[in-house]
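Everything below concerns the one structure shown next.
In the numbering used here, the protein residues as written are 169 to 278.
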(Lines of atoms letter the chains of each structure in order from A; the text may use other names.)
(Lines give C-alpha, C1' and ligand atoms only; values in the text may rest on other atoms or scores of the structure.)
Protein backbone atom coordinates (compact mmCIF):
# COMPACT_ATOMS: atom_id res chain seq x y z
CA UNK A 169 0.00 0.00 0.00
CA UNK A 170 1.17 3.47 -0.78
CA UNK A 171 0.25 4.78 2.67
CA UNK A 172 2.76 2.42 4.32
CA UNK A 173 5.59 4.40 2.71
CA UNK A 174 4.24 7.72 3.88
CA UNK A 175 4.05 9.09 7.36
CA UNK A 176 2.22 11.91 8.92
CA UNK A 177 -1.44 12.54 8.33
CA UNK A 178 -2.08 9.51 6.09
CA UNK A 179 -0.51 7.06 8.53
CA UNK A 180 -2.45 8.59 11.42
CA UNK A 181 -5.69 8.35 9.42
CA UNK A 182 -5.05 4.67 8.64
CA UNK A 183 -4.21 3.82 12.26
CA UNK A 184 -7.31 5.69 13.41
CA UNK A 185 -9.79 4.27 10.90
CA UNK A 186 -8.60 0.77 9.96
CA UNK A 187 -9.28 -0.94 13.33
CA UNK A 188 -12.96 0.05 13.36
CA UNK A 189 -13.38 -0.84 9.67
CA UNK A 190 -11.76 -4.24 10.25
CA UNK A 191 -13.95 -4.85 13.32
CA UNK A 192 -17.11 -4.10 11.34
CA UNK A 193 -15.96 -6.38 8.50
CA UNK A 194 -15.27 -9.23 10.94
CA UNK A 195 -18.64 -8.72 12.64
CA UNK A 196 -20.48 -8.85 9.28
CA UNK A 197 -18.41 -11.87 8.25
CA UNK A 198 -19.32 -13.72 11.45
CA UNK A 199 -22.99 -12.76 11.07
CA UNK A 200 -22.94 -14.15 7.52
CA UNK A 201 -21.22 -17.38 8.59
CA UNK A 202 -23.45 -18.14 11.60
CA UNK A 203 -26.43 -19.45 9.59
CA UNK A 204 -24.10 -21.49 7.39
CA UNK A 205 -22.56 -23.18 10.43
CA UNK A 206 -26.07 -23.68 11.82
CA UNK A 207 -27.21 -25.42 8.65
CA UNK A 208 -24.14 -27.68 8.44
CA UNK A 209 -23.57 -28.66 12.09
CA UNK A 210 -25.93 -29.73 14.85
CA UNK A 211 -25.88 -27.85 18.14
CA UNK A 212 -24.20 -30.88 19.75
CA UNK A 213 -21.45 -30.80 17.11
CA UNK A 214 -20.89 -27.08 17.59
CA UNK A 215 -20.66 -27.45 21.37
CA UNK A 216 -18.15 -30.30 20.92
CA UNK A 217 -16.09 -28.20 18.50
CA UNK A 218 -15.98 -25.31 20.94
CA UNK A 219 -14.85 -27.64 23.72
CA UNK A 220 -12.18 -29.12 21.45
CA UNK A 221 -10.83 -25.75 20.31
CA UNK A 222 -10.47 -24.69 23.95
CA UNK A 223 -7.94 -27.49 24.49
CA UNK A 224 -4.21 -27.21 23.71
CA UNK A 225 -4.58 -29.68 20.84
CA UNK A 226 -7.61 -27.80 19.51
CA UNK A 227 -5.73 -24.49 19.54
CA UNK A 228 -2.83 -26.18 17.72
CA UNK A 229 -5.20 -27.62 15.10
CA UNK A 230 -6.86 -24.22 14.65
CA UNK A 231 -3.50 -22.50 14.09
CA UNK A 232 -2.40 -25.15 11.60
CA UNK A 233 -5.75 -25.01 9.81
CA UNK A 234 -5.15 -21.36 8.97
CA UNK A 235 -1.79 -22.21 7.37
CA UNK A 236 -3.31 -25.19 5.60
CA UNK A 237 -6.17 -23.09 4.22
CA UNK A 238 -3.77 -20.48 2.87
CA UNK A 239 -1.57 -23.12 1.22
CA UNK A 240 -4.63 -24.89 -0.20
CA UNK A 241 -5.89 -21.63 -1.67
CA UNK A 242 -2.54 -21.09 -3.42
CA UNK A 243 -2.67 -24.60 -4.89
CA UNK A 244 -6.29 -24.10 -5.98
CA UNK A 245 -5.48 -20.75 -7.61
CA UNK A 246 -2.55 -22.26 -9.52
CA UNK A 247 -4.66 -25.22 -10.65
CA UNK A 248 -7.50 -22.99 -11.85
CA UNK A 249 -5.06 -20.69 -13.65
CA UNK A 250 -3.48 -23.67 -15.42
CA UNK A 251 -6.90 -25.05 -16.36
CA UNK A 252 -8.09 -21.74 -17.79
CA UNK A 253 -4.84 -21.18 -19.70
CA UNK A 254 -5.03 -24.69 -21.19
CA UNK A 255 -8.71 -24.24 -22.03
CA UNK A 256 -8.12 -20.86 -23.68
CA UNK A 257 -5.16 -22.19 -25.66
CA UNK A 258 -7.04 -25.23 -26.95
CA UNK A 259 -10.28 -23.33 -27.53
CA UNK A 260 -8.50 -20.61 -29.50
CA UNK A 261 -6.59 -23.24 -31.48
CA UNK A 262 -9.94 -24.75 -32.53
CA UNK A 263 -11.96 -21.53 -32.88
CA UNK A 264 -10.62 -18.19 -34.03
CA UNK A 265 -10.64 -16.11 -30.85
CA UNK A 266 -9.16 -13.06 -32.47
CA UNK A 267 -6.42 -10.97 -30.93
CA UNK A 268 -8.63 -9.28 -28.28
CA UNK A 269 -9.65 -12.56 -26.64
CA UNK A 270 -6.15 -14.03 -26.78
CA UNK A 271 -4.63 -11.02 -25.03
CA UNK A 272 -7.20 -11.07 -22.23
CA UNK A 273 -9.13 -8.00 -23.37
CA UNK A 274 -12.67 -7.76 -22.12
CA UNK A 275 -15.50 -8.57 -24.53
CA UNK A 276 -17.33 -5.68 -26.11
CA UNK A 277 -20.47 -6.25 -24.01
CA UNK A 278 -22.31 -8.61 -26.33
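Ideal Cβ positions, reconstructed from N, Cα and C, are used throughout, including at glycine. Nothing here was measured: the structure is a model prediction, and the numbers come from that model.
Give the secondary structure of residue i by DSSP, where H, G and I count as helix, E and B as strand, and everything else as coil.
i           : result
residue 264 : coil
residue 210 : coil
residue 227 : helix
residue 175 : coil
residue 183 : helix
residue 196 : helix
Compare the beta carbon distance of residue i and residue j with 8 Å and say whether it is the shorter of the two.
i           : j           : result
residue 214 : residue 205 : yes
May I ask whether a heavy atom of the ligand SAM can be found less than 7 Å away from the beta carbon of residue i?
i           : result
residue 206 : In the structure on display, the ligand SAM does not appear, and there are no ligands present to speak of.
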